[in-house]
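As structure tokens, the structure follows; a few thoughts come after it.
Residue numbers (our numbering): 77 to 277.
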């Protein structure tokens, strides 16, 4: 079995390490990969979000299974495109990936289905967002709506820090289009836990 791992971070390195232990796997490619992954797989210089390039490589090299790590290509529909091309791929569809790609979408979905979540408001303009922060007080959490490489969430201990975060995200565009909307959320204190579930559809 030929496997393509899309991405070049620690997550993809862990995937390559584990997949390399399978006797069913004959060849592992990683695109783009990294120096650590290169010890386990052949790294291919195709950017993770180059969906057309990744798809062409998978077709040309007889890839039996593609595993997508990063959120960006998932949110752009790489799984949908691979599936439409008849390629076996592991990852959420574009619609399912929206849960990760848009905090607003995720929060609204939780609200719609009565899934417990911190109280929140969504803003597209700085002035009303700042006014909301002043009204709510601190601590408070400011989140860029879109993907921001894990840096788009600021737990603000003071109102000043929260407003500075809003300016950084919305005015200075520190995270580009990911900051076109912000989610401002009540600060919940406690132990954080992550749960993962897999489904075949």
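Ideal Cβ placement from N, Cα and C applies to all residues, glycine included. Quick caveat, the model's predicted, so the values are computed rather than measured.
Taking C-alpha positions only, residue 210 is separated from residue 200 by approximately 17 angstroms. Taken in chain order, the complete alpha helix (DSSP H) segments of 4 or more residues contained in the segment 176 to 250 are 179 to 188, 202 to 212, 235 to 242. Collapsing the DSSP output to three states places residue 84 in coil. Rounded to whole angstroms, the separation of the alpha carbons of residue 225 and residue 255 is 12 angstroms. The alpha-carbon separation between residue 171 and residue 177 amounts to approximately 10 angstroms. Of the candidates 204, 109, 188, 109 places its Cα closest to the Cα of residue 125. Residue 261: not part of any alpha helix (DSSP H); member of the beta strand (DSSP E) spanning 258 to 262, first to last residue. Boundaries for residue 122: no alpha helix (DSSP H) harbours it, and the DSSP string shows neither H nor E there. The criterion of a C-beta distance shorter than 9 angstroms is satisfied by residue 167 and residue 150. For residue 237 and residue 198, the gap between their C-alpha atoms comes out near 18 angstroms. The beta-carbon distance between residue 107 and residue 122, rounded to whole angstroms, is 4 angstroms. This is short enough to meet the 8 angstroms contact definition. Your pair residue 163 and residue 139 checks out as a contact, with CB atoms roughly 7 angstroms apart and the cut at 8 angstroms.
DSSP lists 81, 119 as the bridge partner or partners of residue 106. Under DSSP, residue 139 forms no beta bridge with any residue. Comparing alpha carbon positions, the residue from 131, 165, 183, 144 closest to residue 86 is 144. For residue 265, there is no enclosing alpha helix (DSSP H), as DSSP marks it with neither H nor E. The distance from the Cβ of residue 265 to that of residue 219 is about 17 angstroms, inconsistent with a contact at the 8 angstroms cut-off.
Judged by DSSP in its simplified three-state form, residue 155 adopts helix. Residue 257 is classed as buried because its beta carbon has at least 16 other beta carbons within 10 Å across all chains shown.
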